[in-house]
Amino acid sequence: MKNVRQVVEIVDDNCTGCYRCERTCPTGAIEMVGPRKKALAVVAPEACIACFRCIDVCDDDAITVAELEQPRMVRTSTKTVDAQTLRQLCEKAGMDPNQQACLCSSTKVKELAAAVLTGASTFEDLARATGAASGCLLYCGVPMRRVLVAHLGENYNDSPHVRRYDSDQVLLDVPEDAADAYPLFALRREQAAARERRAAQATQEASR
């Protein structure tokens, strides 16, 4: 989930139609409109999750930031879907429901699963529904793809602008030296918590 307080706006006079912003937007909030060589970027503010990646790639100072009068929370409640179905999808994806899928937005795997079960079928859908992919993009891509593939198969609707590659790596597969190399992401702590949850779940199932 993410509390969006700002959105981006296009300065038409500065836009050169390079298409970089459209290709880098994780939610599909930016669309190039007009003839290909004269197209200008147009933003759908309701789809913007304030990642500001478009600003990073724009060399023409054509994108600015505007404050929202009323911030909006981007999230999908796990209470909107059946709990058992939610857990089964997470298991099929090979991830713990309470595992952090996107550290930047504090989006857990179960929220991604809930979004997919309620209709999200692309990376852009998932980002718009949960706020995932609104930060560093170093970790969330794999969990997002795993949940999509687990529910929709390999033929899920991928982005026309970005090529994404498969990976079967999950949190507990991250080597200790790699986890220690990036302390900002608290991977060791997340791994320990995931092991505890798995052990508790195994104990609970064994007692049934």
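Numbering (our numbering), first residue to last: -16 to 191. The beta carbon of each residue, even a glycine, is placed where N, CA and C say it ideally should be. Treat the numbers as computed from the prediction; the structure is a model and nothing was measured.
Residue i, DSSP secondary structure in three states
i, result
"ASN(-14)", "strand"
"ALA24", "strand"
Straight-line gap, residue i to residue j (C-alpha atoms, nearest Å)
i, j, result
"GLY77", "GLY17", "43 angstroms"
"LEU167", "ASP39", "21 angstroms"
"ASN138", "VAL132", "8 angstroms"
"SER117", "CYS(-2)", "23 angstroms"
"ASP82", "ALA103", "A small fix is needed here, since residue 82 is Gln in this sequence, not Asp. The straight-line gap from Cα to Cα measures roughly 19 angstroms."
"GLN187", "ARG181", "10 angstroms"
"LEU135", "LEU154", "22 angstroms"
"ARG129", "ALA110", "14 angstroms"
"THR47", "VAL99", "32 angstroms"
"VAL125", "VAL(-6)", "34 angstroms"
"ASP65", "PRO80", "13 angstroms"
"GLU5", "VAL25", "9 angstroms"
Outcome for residue i when other beta-carbon atoms lying within 10 angstroms are tallied against a minimum of 16
i, result
"MET127", "buried"
"GLY114", "buried"
"ASP44", "exposed"
- Quick one: complete alpha helix (DSSP H) runs, 4+ long, within the segment 35 to 117? 36 to 40, 66 to 75, 92 to 100, 106 to 113
- Unbroken alpha helix (DSSP H) runs of length 4 or more, entirely within the segment 154 to 186: which are they? 159 to 164
- Message: Does the structure place the segment 85 to 95 close enough to the segment 46 to 53 that three or more beta carbon pairs sit under 8 angstroms?
- Response: no
- Task: Determine contact between the segment 60 to 76 and the segment 21 to 31, defined as no fewer than three beta-carbon pairs at a distance below 8 angstroms.
- Result: no
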